[in-house]
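Residue numbers are given in our numbering: position 212 of the sequence shown equals residue 342, and the series is strictly consecutive.
Virtual Cβ for every residue (Gly too), placed ideally from N, Cα, C.
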Amino acid sequence: MSSLQQNVITYMERHAPNAFAFWTEDRAADSDVDVVSVCDALYALKLIGRLDLLTPDANERFVRLLSRHSLAGKIGIGNGAPLNVHQTAYVLGVLNLLQIHGTPCHREVLRACGWRKHELLDDRTGWPRWPWYFAHHAWRIGHWIGGIPSIVLSLWRLCPDLAEKNRLPMPKAVLARSDALIDRDTGLLRPYRWHFLQLGFRALYRFRHDPDAGAIGGVAHLHWGNYAAGRVPYVANDALFDRIWQLLQRRPFMEAQPYCLDFDIVQMARTAISDGDARSGELQERAAIYAWDLSDFYTNSLDGDYALHKLPGGLAALHESAMTADLEGVPGLAIAPVDIAKEAHWI
Numbered sequence: 131m132s133s134l135q136q137n138v139i140t141y142m143e144r145h146a147p148n149a150f151a152f153w154t155e156d157r158a159a160d161s162d163v164d165v166v167s168v169c170d171a172l173y174a175l176k177l178i179g180r181l182d183l184l185t186p187d188a189n190e191r192f193v194r195l196l197s198r199h200s201l202a203g204k205i206g207i208g209n210g211a212p213l214n215v216h217q218t219a220y221v222l223g224v225l226n227l228l229q230i231h232g233t234p235c236h237r238e239v240l241r242a243c244g245w246r247k248h249e250l251l252d253d254r255t256g257w258p259r260w261p262w263y264f265a266h267h268a269w270r271i272g273h274w275i276g277g278i279p280s281i282v283l284s285l286w287r288l289c290p291d292l293a294e295k296n297r298l299p300m301p302k303a304v305l306a307r308s309d310a311l312i313d314r315d316t317g318l319l320r321p322y323r324w325h326f327l328q329l330g331f332r333a334l335y336r337f338r339h340d341p342d343a344g345a346i347g348g349v350a351h352l353h354w355g356n357y358a359a360g361r362v363p364y365v366a367n368d369a370l371f372d373r374i375w376q377l378l379q380r381r382p383f384m385e386a387q388p389y390c391l392d393f394d395i396v397q398m399a400r401t402a403i404s405d406g407d408a409r410s411g412e413l414q415e416r417a418a419i420y421a422w423d424l425s426d427f428y429t430n431s432l433d434g435d436y437a438l439h440k441l442p443g444g445l446a447a448l449h450e451s452a453m454t455a456d457l458e459g460v461p462g463l464a465i466a467p468v469d470i471a472k473e474a475h476w477i
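Next up, the structure:
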């Protein structure tokens, strides 16, 4: 086992013991765990190449856990505490990964009928539904505008018979409708009406995060689905890549610690650069540096100050950087890179 793998496992044992034990210990408790943390742990194990640690009864626990919750659109068997669109897409991502691993349990989780499509998709426009009060928050709104197409993608992949039975629109149709929510000049999400309010929001948002990075992160949530469905190049593709290229000049990460925003930027760079772009060589060089910086962080700097939910996104950025740099193995892991957007459709 590499130092990076051991460090991630040690981190979870110390700082997320219940979520880690959920997957790796026989007869572990399933009543005092958080769904998102459990998903975080599974993604982390996948991305360090250690799904071999899963116990034979882990899937049964996951089904029991989900039976106590209600998935968005009433697609799941449970009727308990509701999970929002982002959380539901994340759960389906885990089901996708378990299926690939050869231990599927989606048939035990998903309801056969009675899906409430109108809670996910607007009947008139076909757009994903989102809370109006987040219209100016590109990163947050991306959880709905990208999360719902991700749910549709996963449902058609996991159970096409049930998707057809419930008359769920095809993924490419949902994604094509969602193109109308992207600005044709910038390639960024534009679900809002008033530009002057957007300027005000950006000014306030700057106190916590960079609004330019947040805007890329927002549209990335949708483009994970477009990429997985083979819908590239993206709307205003070249303008979008120019913005991404500027963000990639930051060192070593997008913010103080790596997390899903780093994955957003690198994954979009890899999938948005046009054939023949003169910056392709520089992008490979930048991605190689990014990969080694991420590997060093997770090998030497992972501690209790780092939130568990950041771990899957940061590790996915490591894999994306390796793919962008055209490396055969992921630095620090010595395994082939995982294309998580294609495998899970969400992160």
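Cβ-based burial, residue i [other Cβ within 10 Å; buried from 16]
i, result
"Ala-452", "buried"
"Arg-144", "exposed"
"Gly-210", "exposed"
"Asp-291", "exposed"
"Ser-404", "exposed"
"Gln-376", "exposed"
"Arg-237", "exposed"
"Tyr-263", "exposed"
"Ala-310", "exposed"
"Ala-174", "buried"
"Asn-80", "Summary: the structure shown does not reach residue 80, with the chain confined to residues 131 through 477, and so no result is reported for it."
"Trp-324", "Bear in mind that a pLDDT of 48 at Trp-324, under 50, signals an unreliable position, so the number given afterwards is only what the model happens to contain. Classification for Trp-324: exposed."
CA nearest to the CA of residue i, picked from the options
i, options, result
"Asn-296", "Leu-424, Trp-286, Val-304, Gln-379", "Trp-286"
"Val-362", "Pro-341, Ala-399, Leu-391", "Ala-399"
"Ala-146", "Arg-259, Ala-437, Val-282, Gly-360", "Ala-437"
"Asn-148", "Ser-132, His-353, Leu-172, Thr-454", "Leu-172"
"Tyr-357", "Leu-283, Gly-244, Val-221", "Leu-283"
"Met-142", "Ser-200, Tyr-420, Leu-432", "Leu-432"
"Ala-421", "Arg-259, Gly-434, Ala-464", "Ala-464"
"Leu-225", "Ala-188, Trp-245, Thr-255", "Ala-188"
"Asn-487", "Arg-416, Asp-340, Arg-314, Trp-245", "Absent from the model: residue 487. The displayed extent of the chain is 131 to 477, so no value can be given."
"Arg-198", "Leu-391, Ser-410, Asp-162, Leu-227", "Asp-162"
Pair within 9 Å by beta-carbon distance, residue i and residue j
i, j, result
"Arg-180", "Gln-217", "no"
"Ala-345", "Arg-373", "yes"
"Gly-223", "His-475", "yes"
"Gly-348", "Leu-319", "yes"
"Leu-240", "Val-165", "no"
"Ile-281", "Ile-205", "yes"
"Trp-153", "Leu-201", "no"
"Phe-371", "Asp-423", "no"
"Tyr-389", "Lys-440", "yes"
"Glu-415", "Ala-369", "no"
"His-353", "Ala-402", "yes"
Inter-residue spacing [alpha-carbon to alpha-carbon] between residue i and residue j
i, j, result
"Arg-270", "Ile-207", "27 Å"
"Ala-306", "Ala-151", "41 Å"
"Val-365", "Ala-158", "46 Å"
"Asp-156", "Ser-308", "43 Å"
"Gly-459", "Phe-393", "17 Å"
"Glu-412", "Leu-445", "22 Å"
"Lys-247", "Asp-253", "9 Å"
"Val-304", "Trp-257", "7 Å"
"Ile-470", "Gly-203", "24 Å"
"Pro-279", "Leu-251", "9 Å"
"Ala-408", "Asp-170", "37 Å"
"Pro-461", "Gly-443", "16 Å"
"Glu-294", "Pro-301", "12 Å"
"Thr-233", "Trp-260", "33 Å"
"Ala-386", "Cys-243", "45 Å"
"Val-193", "Val-221", "11 Å"
Worksheet item: Enumerated in chain order, which unbroken segments of the alpha helix (DSSP H) with a length of 4 residues or greater are wholly contained in the stretch 236-260?
Response: 236-239
Practice prompt. Just list the alpha helix (DSSP H) runs in the stretch 264-330, keeping only unbroken ones of 4 residues or longer that don't cross its boundaries, in chain order.
Written response: The stretch 264-330 contains these whole alpha helix (DSSP H) runs: 268-275, 277-288, 290-295, 301-308.
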